[in-house]
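Be aware that the sequence shown starts at -19, since it is given in this note's numbering, and climbs by one per residue. One structure below.
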Amino acid sequence: QAREDIGTLIASAQQASDRQLGLAAQTYRQGVAGLLAMAGLSIAVALAMGLRLGRTMRMALAAVSGSLQHLADGDLRGGCEYQRADEFGRVGDWVNRVAGSLRDALAQLGRNADEQDQIARRNAQACSQARAGLEKQRSSIGALAVSLAELENSFGEVAQHAGETAARVGSVEALTLQGSQRMAATRIGTQALAEQLETSVAEIANVEAVSEQIGQILDVIRAIAEQTNL
């Protein structure tokens, strides 16, 4: 009886084991099929994502590379139109910032160039005026040099004439001294002549007085004669 029960249990266990093995094989086949399906789906999704990502990357790279090419060619008017929230979008934003900074720098450089050009023009005008002033001053200095040369010649002539004049003045002084001596002698002679004239005047006055007396005497004589003739 026990052997039969054991045999029955063994048979039951064998059957259960066979069923479990069958279920396991079925589950394995189903799992493999599911895995294959999931793998295929994953591959398809990955391919789709890869294609989309590749397209997106190509578009982003094209936009960024085009902007960089414009920057390299010196065209700062445009910018990167790729504005998505990804790495390429950030790169495009940086490119736009760089382009804006370059535009501002070039604009400032242009303004500085205009200011420097105006300063250079003013400096050139000032230099021209200074050169004209120097030319005028040089002409004035030349005229002054000629005038100084003429004045020097005049001074030489004046010095020569002064020497001649000094000699003449010496002669004039000698002549003046002689004239003074002669004038002194003439004055002395004139004084003597005046004294002689005064003496002569006095003598003439005496003669006149004597003549008057003689006239009176003659009148008396004439009167006596007339009386005598009577």
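Just so it is clear, CB atoms sit at the ideal spot from N, CA and C, and this is done for glycine as well.
Rounded to the nearest whole angstrom, the C-alpha separation of residue 120 and residue 80 is 58 Å. Residue 147 and residue 115 have their alpha carbons spaced roughly 47 Å apart. The straight-line gap separating the alpha-carbon atoms of residue 130 and residue 106 is approximately 35 Å. Looking from the CA of residue 73, the closest CA among 87, 43, 89 belongs to 43.
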